[in-house]
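Protein chains in written order, with the UniProt record's numbering: chain A, 1 to 208; chain B, 1 to 208; chain C, 1 to 208.
Written below as structure tokens is the structure these notes are about.
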Amino acid sequence: MIEHPGLMLALSIAERLAIFAYAISGFIEARRRRLDPVGTFLVAMATAFGGGTVRDVLLERRPFYWVEHQNYALAIFVLSFFAPVVLKWTSRVLSDRALLVADAIGLGLFSISGTSLAMSAQMPWFTSVIMGVATGVFGGILRDVLCNEVPLILRDSRPYATCAFAGCGLYLLLAQTPLDAVYNVLLSTTFILLARLLTYRFDVRLPH
Amino acid sequence: MIEHPGLMLALSIAERLAIFAYAISGFIEARRRRLDPVGTFLVAMATAFGGGTVRDVLLERRPFYWVEHQNYALAIFVLSFFAPVVLKWTSRVLSDRALLVADAIGLGLFSISGTSLAMSAQMPWFTSVIMGVATGVFGGILRDVLCNEVPLILRDSRPYATCAFAGCGLYLLLAQTPLDAVYNVLLSTTFILLARLLTYRFDVRLPH
Amino acid sequence: MIEHPGLMLALSIAERLAIFAYAISGFIEARRRRLDPVGTFLVAMATAFGGGTVRDVLLERRPFYWVEHQNYALAIFVLSFFAPVVLKWTSRVLSDRALLVADAIGLGLFSISGTSLAMSAQMPWFTSVIMGVATGVFGGILRDVLCNEVPLILRDSRPYATCAFAGCGLYLLLAQTPLDAVYNVLLSTTFILLARLLTYRFDVRLPH
Numbered sequence: 001m002i003e004h005p006g007l008m009l010a011l012s013i014a015e016r017l018a019i020f021a022y023a024i025s026g027f028i029e030a031r032r033r034r035l036d037p038v039g040t041f042l043v044a045m046a047t048a049f050g051g052g053t054v055r056d057v058l059l060e061r062r063p064f065y066w067v068e069h070q071n072y073a074l075a076i077f078v079l080s081f082f083a084p085v086v087l088k089w090t091s092r093v094l095s096d097r098a099l100l101v102a103d104a105i106g107l108g109l110f111s112i113s114g115t116s117l118a119m120s121a122q123m124p125w126f127t128s129v130i131m132g133v134a135t136g137v138f139g140g141i142l143r144d145v146l147c148n149e150v151p152l153i154l155r156d157s158r159p160y161a162t163c164a165f166a167g168c169g170l171y172l173l174l175a176q177t178p179l180d181a182v183y184n185v186l187l188s189t190t191f192i193l194l195a196r197l198l199t200y201r202f203d204v205r206l207p208h
Numbered sequence: 001m002i003e004h005p006g007l008m009l010a011l012s013i014a015e016r017l018a019i020f021a022y023a024i025s026g027f028i029e030a031r032r033r034r035l036d037p038v039g040t041f042l043v044a045m046a047t048a049f050g051g052g053t054v055r056d057v058l059l060e061r062r063p064f065y066w067v068e069h070q071n072y073a074l075a076i077f078v079l080s081f082f083a084p085v086v087l088k089w090t091s092r093v094l095s096d097r098a099l100l101v102a103d104a105i106g107l108g109l110f111s112i113s114g115t116s117l118a119m120s121a122q123m124p125w126f127t128s129v130i131m132g133v134a135t136g137v138f139g140g141i142l143r144d145v146l147c148n149e150v151p152l153i154l155r156d157s158r159p160y161a162t163c164a165f166a167g168c169g170l171y172l173l174l175a176q177t178p179l180d181a182v183y184n185v186l187l188s189t190t191f192i193l194l195a196r197l198l199t200y201r202f203d204v205r206l207p208h
Numbered sequence: 001m002i003e004h005p006g007l008m009l010a011l012s013i014a015e016r017l018a019i020f021a022y023a024i025s026g027f028i029e030a031r032r033r034r035l036d037p038v039g040t041f042l043v044a045m046a047t048a049f050g051g052g053t054v055r056d057v058l059l060e061r062r063p064f065y066w067v068e069h070q071n072y073a074l075a076i077f078v079l080s081f082f083a084p085v086v087l088k089w090t091s092r093v094l095s096d097r098a099l100l101v102a103d104a105i106g107l108g109l110f111s112i113s114g115t116s117l118a119m120s121a122q123m124p125w126f127t128s129v130i131m132g133v134a135t136g137v138f139g140g141i142l143r144d145v146l147c148n149e150v151p152l153i154l155r156d157s158r159p160y161a162t163c164a165f166a167g168c169g170l171y172l173l174l175a176q177t178p179l180d181a182v183y184n185v186l187l188s189t190t191f192i193l194l195a196r197l198l199t200y201r202f203d204v205r206l207p208h
């Protein structure tokens, strides 16, 4: 679909960053619960690929992303055995802010990919928005359900799913214009990324 | 399948009532957990459409109900932002009894629809009963899992899934008679509705 | 696929044992939470058939095992109403060790069946391993999520999913050799069974 080679590369790097960030958030939660390595692996996999898998089940798409790119799953598997080291290394080399940015990139990429795939599958517009948001947030929900907590994104009043909602809506609007799909993906993903970072930075809260 | 226009209208009104009642029970739970609006929306959606979606994934039916009727999803979305107002209004205008009745209508309609669709898909009889019960109760289970509670319908000893079981069994029995399918749907749904209300009213308890 | 009649019988007996053991573990958990009979049934069903159902949804296989063998579901249904009696009887007649062995047989059979089906569906090798492990352990995860606990297999540091991992890996390795598929199933299942029992017996712990 997207044919600019430079952009392809950028998207592919962003995607790896995002999967890594989601997996790390699985590691952190698994660590807090003192899970063993295989438990850690399963939680990290659910966090990184849960959203996309639910989307693909709903849209009847195959193969699953983690089936097609099984090297990501393998990498997470290996890292799970060194999760304490990975987390220590991550927290030393990367600031919390870096993880926040990587996670926000993931939220943007996964949500927009979900909406875009739902539209290609001829879903009606609001369904496409919901599928985009679900793709972006379902991994985190699964992670918290597995670790027996009320999902963070449901109870945290800081906008998260809300940013994904707004961005997926923007994508749909722009899809009605003559704007190239590539730029639409870029713009909407960036919108979600910035919305997440700015609302976080300025501590915007939703009422609850 | 069903062609009486008056009955169609009645069923369609009952269906809206039921979806509304399920969504409201999602709002109530979300309020108790102090979820933000988007969290409230996701929980209400899971409650209202979770059972039907699981049934459709198991039976490989598409499109999903909430995809075909996305206006319901939109309405729930809008209401989520006013959930406190909606709940205050609901509790003032509608008694708890009204909500109980609407929820029991939902249990009846969703369960019988699940059994009837499973039978059309040539499922064996006990599987059809299970799929009916799952369609009726899975939304409530998802709601409670998302809100990190033992699902109410599993631990409450007041018959709920049990009423659905009995009604789906009745539907299967009547399907062996020459009775018109329309009247079978009506009778079995009413049976579940009454069973739920009467056991509730007379405080019938299951052993546990 | 497998044509030795004696072996078929042995596998079919092992399978019943395994389903029974998984269902019993559902009963035990349901009892602890004081669920009513229908709640008990749903939890036992989820424990016994959850893993295979998720595998079949992921691999797009139909009919589901519990649809094809609805007598198992019926048996679990009937037993659910006598769960306290069943548990008392089980604990008198069977030692904890017998249950542990039956559960380990289930872990072996379900995991190897999952890997073998995934391979037949042309899944890549690591995906096949993951699907095998998921088939073996997902039922227990569902049981604990429904009962609002951190899944035992994620937090227990005694190897469980790890044994399944190793056995599914062994199965894949042996599948590259000229060894007959029948013996491969037997060997790998036995490997998981023994790995589980021996690590349990000698109290081997994973780091966490």
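Just so you know, even glycine gets a beta-carbon here, dropped at the ideal spot from N, CA and C.
Since we're looking at a predicted model, the values are computed, not measured.
Here B:T47 is not near B:A18, since their CB atoms are 8 Å or more apart. The C-beta of B:C168 comes no closer than 8 Å to any C-beta of chain A.
The alpha helix (DSSP H) runs of length 4 or more contained entirely in the UniProt domain "Glycine transporter" (101-175) of chain A are, from start to end of the chain, 125-146, 152-155, 161-175. When DSSP assignments are scanned along the stretch 30-100 of chain B, no uninterrupted stretch of beta strand (DSSP E) that is 3 or more residues long falls wholly within it.
Using a Cβ-Cβ cut-off of 7 Å, B:V67 is close to M123, P124, T127 of chain A, given in chain order. Measuring C-alpha to C-alpha distances from A:Q122 to each of B:R31, B:V54, B:E68 identifies B:E68 as the nearest. In the DSSP annotation of this structure, the continuous segment of the alpha helix (DSSP H) that includes B:T190 starts and ends at 181-201. Secondary structure at C:L206: coil, using DSSP grouped into helix, strand and coil. Along the UniProt domain "Glycine transporter" (101-175) of chain A, the positions whose C-beta sits under 8 Å from a C-beta of chain C are V145, L146, C147, N148, read in chain order. Using beta-carbon distances, B:A48 does not count as an interface residue toward chain A, since no partner is under 8 Å. The DSSP-derived three-state label of C:P178 is coil. The beta-carbon separation of C:T40 and C:S80, rounded to 4 Å, stays under the 8 Å limit for a contact. Taking the beta carbon of A:E29 as reference, no residue of chain B falls within 9 Å; the closest one sits roughly 14 Å away. Counting C-beta atoms within 10 angstroms of its own C-beta, B:T177 has fewer than 16 neighbours from the protein chains shown and is therefore classed as exposed. Contact note: A:R62 reaches chain C through E60, using a C-beta cutoff of 8 Å and chain order. When A:L173, A:V78, A:V150 are compared, the shortest CA-CA separation from A:W125 is found for A:L173.
With 16 or more other Cβ atoms inside 10 Å of its own Cβ, B:L42 counts as buried.
The C-alpha of B:F82 is placed about 10 Å away from the C-alpha of B:K88. Cβ contact annotation for B:L193 (same chain, cutoff 7 Å, sequence separation greater than five): A104, I105, G108, in chain order. Interface flag for A:V86 against chain C is unset, since no Cβ pair is found closer than 8 Å. Chain A places no beta carbon closer than 8 Å to that of B:P207, leaving this residue out of the contacts. Here C:Y171 really is in contact with C:S188; their C-beta atoms are around 4 Å apart, less than 8 Å. Here B:L206 really is in contact with B:P159; their C-beta atoms are around 6 Å apart, less than 8 Å. Against chain B, a Cβ distance below 8 Å from C:A73 picks out F126, T127, I130. For C:V38, no CB of chain A lies under 8 Å from its own CB, so it is not counted at the interface with that chain.
The Cβ atoms of B:W66 and B:A75 do not sit closer than 8 Å to each other.
CA-CA distance, B:A102 to C:A195, rounds to 53 Å. Residue contact with chain A for B:R33: present (Cβ-Cβ distance below 8 Å to some residue of chain A). For A:V57, the nearest CB of chain B lies under 8 Å from its own CB, placing it at the interface with that chain.
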